[in-house]
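The numbering of the sequence shown is the working numbering, which starts it at 78 and goes up by one. We put the beta carbon where it would ideally sit given N, CA and C, even for glycine. This report concerns only the one structure given below.
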Amino acid sequence: MQSPQNIRVHKEQRALELIWTDTDVSRLPFRTVRQNCRCAVCVDEFSGKQLLDPDSVPEDLGLLEVSLCGNYALRIRWSDNHDSGLFTWNHLRTIGDKISGG
Ligand SMILES: [Zn+2]
C-alpha cells in the first residue's frame, strides 16, 4: 500500500497535496475530498448508498484541522464542522487518480 512521504495543506488554493513514496503527487481540492467522505453520516454503511448531497458541500469549504490517524489515515475537520470522516491513504490515492483520469 502506498503512503505519503509528505502532506501539504494549501489553504489559499483549497487543496491538499500528498507526495507519495513513489514520488507521484496527488493534488486534491478540499471540496472533492469532502464529497468523497465515507463516514456513516455521508454514506449508508449497509447499502453503501451516498447520503451526502455533493452539491450541498460549499464551494469555499475550508479545512480547519488535519491530523494523522495511526499511520494509515487522515482525520480532517472541515469548515462546515464535519469531522467524522477518516481518509485512508488508499482512499485518498483513489480520489487523486480519479481526478487525474487514471
Ligand atoms: Zn462524512
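Residues proximal to ligand 1 by C-beta, any heavy atom closer than 6 Å: Cys114, Cys116, Val118, Cys119, His159, Ser161, Gly162
In terms of DSSP beta bridges, what is Thr181 paired with? Residue 181 lies beyond the range of the chain shown here (78 to 179); nothing can be said about it.
Can you tell me where the beta strand (DSSP E) holding Arg91 begins and where it ends? In the sequence shown, the residue the question calls residue 91 occupies position 14. No beta strand (DSSP E) holds Arg91; DSSP gives it neither H nor E.
In three-state DSSP terms, what is Pro106? Numbered from 1 along the sequence shown, position 29 holds the residue referred to as residue 106. Here Pro106 sits in strand by DSSP.
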